[in-house]
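With our numbering, you'll find the sequence shown wraps up at 405, consecutive numbering, no jumps.
Every residue, glycine too, gets a C-beta built ideally from N, C-alpha and C.
The structure appears below as C-alpha cells.
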Amino acid sequence: MDFALSEEHQMLKDLVRRFVEEELMPLEPRVLKREAGGEPLGLTAEELAPLHAKCRDLGLWALDVPAELGGAELGTLARIVVVEELSRTVVPFVFPPDSPNLHMLLRAVNAEQREKYLMPYARGETICAIAISEPGAGSDPAAMSTRADRDGDNWIINGRKIWISRVAEANFTIVMALTDPVKRAHGGITAFLVDRGTPGMVVGQPSSILGGYRTYEVIFEDCRLPAAQVLGQVGQGFGPMQVRLTVRRLEIAGWSIGLAQRALEMMIEYAKQRVTFGQPLAERQAVQWWIADAATRIHAARLMMREAAWRAERGEDIRTEASMTKVYANEIASEIIDHALQTHGAMGLAKEMPLQMMYQLVRAHRIFEGPSEIHRWVVARKLLGLRK
Numbered sequence: 018m019d020f021a022l023s024e025e026h027q028m029l030k031d032l033v034r035r036f037v038e039e040e041l042m043p044l045e046p047r048v049l050k051r052e053a054g055g056e057p058l059g060l061t062a063e064e065l066a067p068l069h070a071k072c073r074d075l076g077l078w079a080l081d082v083p084a085e086l087g088g089a090e091l092g093t094l095a096r097i098v099v100v101e102e103l104s105r106t107v108v109p110f111v112f113p114p115d116s117p118n119l120h121m122l123l124r125a126v127n128a129e130q131r132e133k134y135l136m137p138y139a140r141g142e143t144i145c146a147i148a149i150s151e152p153g154a155g156s157d158p159a160a161m162s163t164r165a166d167r168d169g170d171n172w173i174i175n176g177r178k179i180w181i182s183r184v185a186e187a188n189f190t191i192v193m194a195l196t197d198p199v200k201r202a203h204g205g206i207t208a209f210l211v212d213r214g215t216p217g218m219v220v221g222q223p224s225s226i227l228g229g230y231r232t233y234e235v236i237f238e239d240c241r242l243p244a245a246q247v248l249g250q251v252g253q254g255f256g257p258m259q260v261r262l263t264v265r266r267l268e269i270a271g272w273s274i275g276l277a278q279r280a281l282e283m284m285i286e287y288a289k290q291r292v293t294f295g296q297p298l299a300e301r302q303a304v305q306w307w308i309a310d311a312a313t314r315i316h317a318a319r320l321m322m323r324e325a326a327w328r329a330e331r332g333e334d335i336r337t338e339a340s341m342t343k344v345y346a347n348e349i350a351s352e353i354i355d356h357a358l359q360t361h362g363a364m365g366l367a368k369e370m371p372l373q374m375m376y377q378l379v380r381a382h383r384i385f386e387g388p389s390e391i392h393r394w395v396v397a398r399k400l401l402g403l404r405k
C-alpha cells in the first residue's frame, strides 16, 4: 500500500480545501449566529444555490457516481479525502448527491427504479432520506417492529420511525420494514421506496438535537405501496442497508478527523498568542503535550481511515474496519476538541466560536450510525468468533 496520495487525489484535496476556505468559511459566522438564535445549523436555499453552481463549475459534483450515470466515478479514498476537507468547517455542506443512500440505491435498484429514482438522485436533482431507527430499536435494526404486509399486488406499511433526517424535504424516503418476523435480519427485512406525499406516511414536527441537527418522527398508518416500490428483493433489505451504514461510518471518521485537525490548528494559533502569568500558553507543558498528542492521534486515525478505504477499493468487506475507524477517530476528536476548548478558556464556549459546535458535532457522532459501545461489541464478537 502506498501511503502517499496520488497526484489526482492531492489535486482534489487542494481544490476542496480552497472551496472550503473561500466559499464555506465566510458563511460560518452567519450559520453559527442563526443556530445560536434557535434555528437549525444549516444553509438557506439562497446560500445553497451559488454554492451548488460553484460546485458544478469546479467539477465537484457526483464525485462517486458511476461514469455511466454521468459521474466522476471516484473511489473510496477520494471520497474520504473530500469528506475530511469539508468537515474542517461547521457549515454543513456536501457535494451532491449524499453518498450513503447513493451506494444503497446502486446496490439494489431495478431497471425501472434506476430511471425513476437513481438517475435523478445521482444528478443531484432530488433529495433522499432513509428511515431505519425506531423507539426501542435504534441500535439494533434487526429488532424493528414497523411491519409491511402483503395485500395482493400491494404492500401495507404500519409503524413508527424516529430520528429521521431530511425527510420533510426529501423527494423520496427509503423505509426499512419487517416482512418476516421470524427471519428478521436473515431474510425478513425489506426496503421500500416511498414518495413524498404518499397517503399513510405522516411526517411529524421536527425535534432539535445536539449539533444543530433537526430530525423527525414518521408515522405509517396503512401506507399502501405497489410491489414496484420494493427496493431490491423482498426480505433482502438488510444487506444493502449495511452497505449504506458502512459508507456513512467511514464518512463519520472523516468528519471527526477534519474537525480534530481544525481544532489542532486553532489550539496552536491561540497558544502562541495568549499570555498568562507572563508566558504564552505555548510554553506550558500541558498545552505542548495536548498539541503533540493531538497531532499523533490524528495521524494514526488518518492512516486507519485510508487503509480502510484501500481495502474497500480492493473489494474487501470493511465493516469491521469501518467500526474500528469510526470509534477511534470520533473519540480522539472528542478529546482534541475538548483540549482546544480548554486552551481557549471561556472564549471557547462562546456561541460565536466554532469550537463549541465542533464539540457538539463529535459528541453526536458517537451515537450516529451506531454508538461506540455497539461497534466495540461487533469487533469483539468477530475476534472471538461469536459473530455468525
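Around the beta-carbon of ARG96, 16 or more other beta-carbon atoms lie within 10 Å, marking it buried.
Under the 10 Å beta carbon count, THR293 is surrounded by fewer than 16 other beta carbons and is classified as exposed. Uninterrupted beta strand (DSSP E) stretches at least 3 residues long and entirely within the segment 151–187 occur at 164–168, 171–181, given in chain order. Nearest to GLU186 by alpha-carbon distance, out of GLY153, SER156, THR143, GLY155, is THR143. Residues of the same chain with a CB within less than 6 Å of the CB of THR93, apart from the 5 flanking positions on each side, are ALA326, ALA329, GLU330 in chain order. At a Cβ-Cβ threshold of 8 Å, THR342 and ALA270 count as neighbours.
Burial is judged here by how many other beta carbons sit within 10 angstroms of a residue's own beta carbon; PHE20 has fewer than 16 and is exposed.
With 16 or more other Cβ atoms inside 10 Å of its own Cβ, TRP272 counts as buried. A distance of 8 Å or more separates the beta carbons of VAL33 and LEU60. In this chain, the alpha helix (DSSP H) harbouring ARG380 covers 371–382. In this structure, the beta-carbon distance from ILE236 to ARG319 does not fall below 8 Å. Per DSSP, the continuous alpha helix (DSSP H) segment holding GLN290 begins and ends at 255–290. HIS203 has its alpha-carbon roughly 17 Å from the corresponding atom of LEU248.
Rounded to the nearest whole angstrom, the C-alpha separation of MET121 and ARG393 is 24 Å. Residue pairing of PHE237 in beta bridges, as defined by DSSP: GLY176, MET218. When only Cα atoms are considered, LEU49 and PRO117 end up about 26 Å apart. Counted as a single uninterrupted DSSP element, the stretch harbouring ALA326 is not any beta strand (DSSP E) but the alpha helix (DSSP H) occupying residues 302–330.
For ALA89, the three-state secondary structure derived from DSSP is coil. For GLU90, the CB contacts under 6 Å within the same chain, skipping 5 residues up- and downstream, are PRO83, ALA84 in chain order. Between ARG47 and GLU352, the alpha-carbon positions lie close to 27 Å from each other. Sorting MET321, ASP168, GLY205 by C-alpha distance to the C-alpha of ALA159 places GLY205 at the top.
Excluding five sequence positions before and after ILE174, the CB atoms of its chain that fall closer than 6 Å to its own CB belong to ALA165, ALA194, PHE237, CYS240, given in chain order. Going by DSSP, ILE391 is part of the alpha helix (DSSP H) stretching over 389–400. Contact annotation: VAL107 and GLU45 have beta-carbon atoms nearer than 8 Å. In the three-state reduction of the DSSP assignment, VAL192 falls in the strand class.
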